[in-house]
Amino acid sequence: MKHPLVSVVILNYNGENLLRKFMPSVANLACPNYEVIVVDNASTDESIDFLRKFYPHFKVIRNEKNYGTAEGSNIGAKYSEGEYIFFMSNDMELDPEILNYMIRRMEEDPKIGICTCKMRRITERGERLNIIDSVGGELDIFGFPSARGINEPDYGQYDYFTEVFFSFGGAMLIRKKVFEEVGGYDSEFFTLADDIDLSWRVRLLGYKVVVEPKAFLYHRVSATLGTRFGRSFKRFMSEKNTLRMLLKNYGYLALLFILPGYFLLLLGEIFFFFLIGKPILSKSGIRAFWWNVKHLSQTLRKRKEIQARRILADRKVIKYMRKKSHKFEIFLDFLVNRSSLNWRFYFGET
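Going letter by letter, the sequence shown gives residues 29 to 378 in the numbering used here.
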């Protein structure tokens, strides 16, 4: 097997404590040919000093402002020299063989554009749990995501190689030529759903998105995003980006059928949050809709580019999607069980 260069791109924002915990696993990968690029989004802690002192061989890109995960990843890709790029978060402990397993899969099939891995949980104290965080991502036809296997004990039920709809951006291996072919991440997303959008556009060009479960890591859930932003901001970003993604990536006929259902769900969500005493989350949905109205002309220009280059028809994309609304299922679950893990994960705190 040949050993192509892999560029490991890590995003960081005030994550010195996370870097101290998780960078040793990056430095000790068994992959024989890789470089590490840390993109720092204007941290105000000692992240940069720590990296320069303990990991002087890492490339450190210091941004003058926080560009978010989407544009931050694009910046890291510009500095990469590898045939492959592995995008990862700063809150992950990697198994030493993770890149070897993923590269081997991608080298076997040139139509694989993106490969992801199995993620398990790790606690703040560093306790490794046999609980699944994700084994690839699923998407329903209305643009709402879910993680395969989330919160399930890992007894091998997902230990098979398969296609998935998307890869989470915190653990995504992508061919650099494919990343450049699709135009990278949409910088308007800032954070959330940027990875789904990228995976979708990769699919539209005829490439596969797969998960190799032999490759795994441990993820400290919400260590990066959860402590930086409130729930209302995350709901705004998620909904704003979801609608933009649907408008860009679906064909006209699919949009004709999908958008009425999407707007019905959004309207129901706005009223629901208002009724249960969380008006700030209702406002997030309204702000997300209004943002897309104001930026519609720019979104349509992006859409024109994407639709002109697509190879795969919507029917071939939709077959990898969930046909029922996952968001609706979560709201029903809340009515039955207000301590639902899914509810707390997606809509819990404000």
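Glycine included, C-beta positions come from ideal geometry on N, C-alpha and C.
Across which residues does DSSP place F114 in a beta bridge pair?
Residue mapping note: residue 114 aligns to position 86 of the sequence shown, counting from 1. Bridge partners of F114: V36, L201.
When you compare the CB positions of Y246 and E121, do they come within less than 8 Å of one another, or not?
Position 218 of the sequence shown, counted from the start, is the residue given in the question as residue 246. Position 93 of the sequence shown, counted from the start, is the residue given in the question as residue 121. Cβ atoms of Y246 and E121: closer than 8 Å.
Which residues share a DSSP beta bridge with T144?
Residue mapping note: residue 144 aligns to position 116 of the sequence shown, counting from 1. According to DSSP, which records beta bridges pairwise, T144 is partnered with V239.
Classification of W228 by the beta-carbon crowding that lies within 10 angstroms, buried from 16 upward
Counting from 1 along the sequence shown, the entry for residue 228 is found at position 200. Classification for W228: buried.
Is the stretch 118-135 in contact with the stretch 45-63, if contact means three or more CB pairs nearer than 8 Å?
yes
S325: buried (16+ other C-beta within 10 angstroms of its C-beta) or exposed?
In the sequence shown, residue 325 corresponds to position 297, counting from 1. Exposed, by the Cβ-count rule.
Which class does E191 belong to by DSSP, given the choice of helix, strand or coil?
Position 163 of the sequence shown, counted from the first residue, corresponds to residue 191. E191: strand per DSSP, three-state reduction.
With a threshold of 16 other CB atoms inside 10 Å of the CB of T151, please say whether the residue is buried or exposed.
For the purposes of this step, residue 151 is taken as the residue at position 123 of the sequence shown. Classification of T151: exposed, given that the 10 Å Cβ count is below 16.
Going by beta carbon distance, what residues of the same chain come within less than 7 Å of K276, once the five residues before and after it are set aside?
For this step, residue 276 is matched to residue 248 along the sequence shown. Answer for K276: T327, K330, R331, I334, listed in chain order.
Could you check where the alpha helix (DSSP H) with L295 kicks off and where it finishes?
Within the sequence shown, numbered from 1, the residue matching residue 295 stands at position 267. First-last of the alpha helix (DSSP H) with L295: 280-303.
Opposing strand residues paired with A175 [DSSP bridges]:
Here residue 175 refers to the residue found at position 147 when the sequence shown is read from its first residue. According to DSSP, which records beta bridges pairwise, A175 is partnered with G165.
What are the partner residues of Y107, as DSSP defines its beta bridges?
Translated into the one-based positions of the sequence shown, residue 107 becomes position 79. Answer is none; Y107 lacks a bridge partner.
Would you give the residue range spanned by the beta strand (DSSP E) that I65 belongs to?
The sequence position of residue 65 within the sequence shown is 37, counting from 1. Residues 62-68.
Determine whether the beta carbon atoms of L274 and F356 lie at a separation below 8 Å.
Position 246 of the sequence shown, counted from the first residue, corresponds to residue 274. Position 328 of the sequence shown, counted from the first residue, corresponds to residue 356. It is not a contact, given that the beta carbons lie outside the stated cut-off.
Looking at F189 and E240, is the spacing between their C-beta atoms short of 8 Å?
Your numbering for residue 240 matches position 212 in the sequence shown. Your numbering for residue 189 matches position 161 in the sequence shown. Contact: yes.
So the candidates are L46, F82, I38, A55; which of them puts its Cα closest to the Cα of D68?
For the purposes of this step, residue 68 is taken as residue 40 along the sequence shown, with counting starting at 1. Checking every option, the nearest Cα to that of D68 belongs to I38.
Buried or exposed: where does I202 fall if 16 or more other Cβ atoms within 10 Å of its Cβ makes it buried?
The residue you call residue 202 lines up with position 174 of the sequence shown. Burial call: buried.
In three-state DSSP terms, what is K87?
One-based indexing of the sequence shown puts residue 87 at position 59. In the structure shown, K87 sits in a strand (DSSP, three-state: E or B).
Would you tell me roughly how many angstroms separate the C-alpha atoms of M134 and K262, rounded to the nearest one?
For this step, residue 134 is matched to residue 106 along the sequence shown. For this step, residue 262 is matched to residue 234 along the sequence shown. Going from the Cα of M134 to the Cα of K262 covers about 33 Å.
Secondary structure at E129, three-state DSSP: helix, strand or coil?
What you label residue 129 is simply residue 101 of the sequence shown in a count that begins at 1. Checking the sequence, you will find Tyr at residue 129 rather than Glu. DSSP places Y129 in helix when its eight states are reduced to three.
For the beta strand (DSSP E) containing L122, name the first residue and the last one.
Position 94 of the sequence shown, counted from the start, is the residue given in the question as residue 122. Counting along the chain, the beta strand (DSSP E) containing L122 begins and ends at 120-122.
Residue from F193, N158, K306, G198 with nearest C-alpha to E180
Within the sequence shown, residue 180 is the residue found at index 152, counting from 1. It is N158 whose Cα lies nearest to the Cα of E180.
Leaving out five residues on either side along the sequence, give the residues of the same chain with a beta carbon under 7 Å from the beta carbon of F359.
Counted from its first residue, the sequence shown places residue 359 at position 331. The residues are F300.
Is the beta carbon of I103 less than 8 Å from the beta carbon of K204?
By one-based count along the sequence shown, residue 103 stands at place 75. By one-based count along the sequence shown, residue 204 stands at place 176. Cβ distance not < 8 Å, so I103 and K204 don't count as in contact.
Inspect the beta-carbon positions of G184 and A175 and report whether they are closer than 8 Å.
Against the sequence shown, residue 184 aligns to sequence position 156. Against the sequence shown, residue 175 aligns to sequence position 147. Taking 8 Å as the Cβ cut-off, G184 and A175 do not qualify as a contacting pair.
Span separating the alpha-carbon of G43 from that of S71
In the sequence shown, counting from the first residue as 1, residue 43 sits at position 15. In the sequence shown, counting from the first residue as 1, residue 71 sits at position 43. G43 and S71: Cα-Cα distance of roughly 8 Å.
Can you tell me where the alpha helix (DSSP H) with H354 in it begins and where it stops?
For the purposes of this step, residue 354 is identified with residue 326 of the sequence shown, where counting begins at 1. Taken as a continuous stretch (DSSP letters only), the alpha helix (DSSP H) holding H354 covers 354-364.
Determine the extent of the alpha helix (DSSP H) in which K81 is found, giving its start and end residues.
Residue numbering aside, residue 81 sits at position 53 when the sequence shown is read from its first letter. That run of the alpha helix (DSSP H) goes 75-82.
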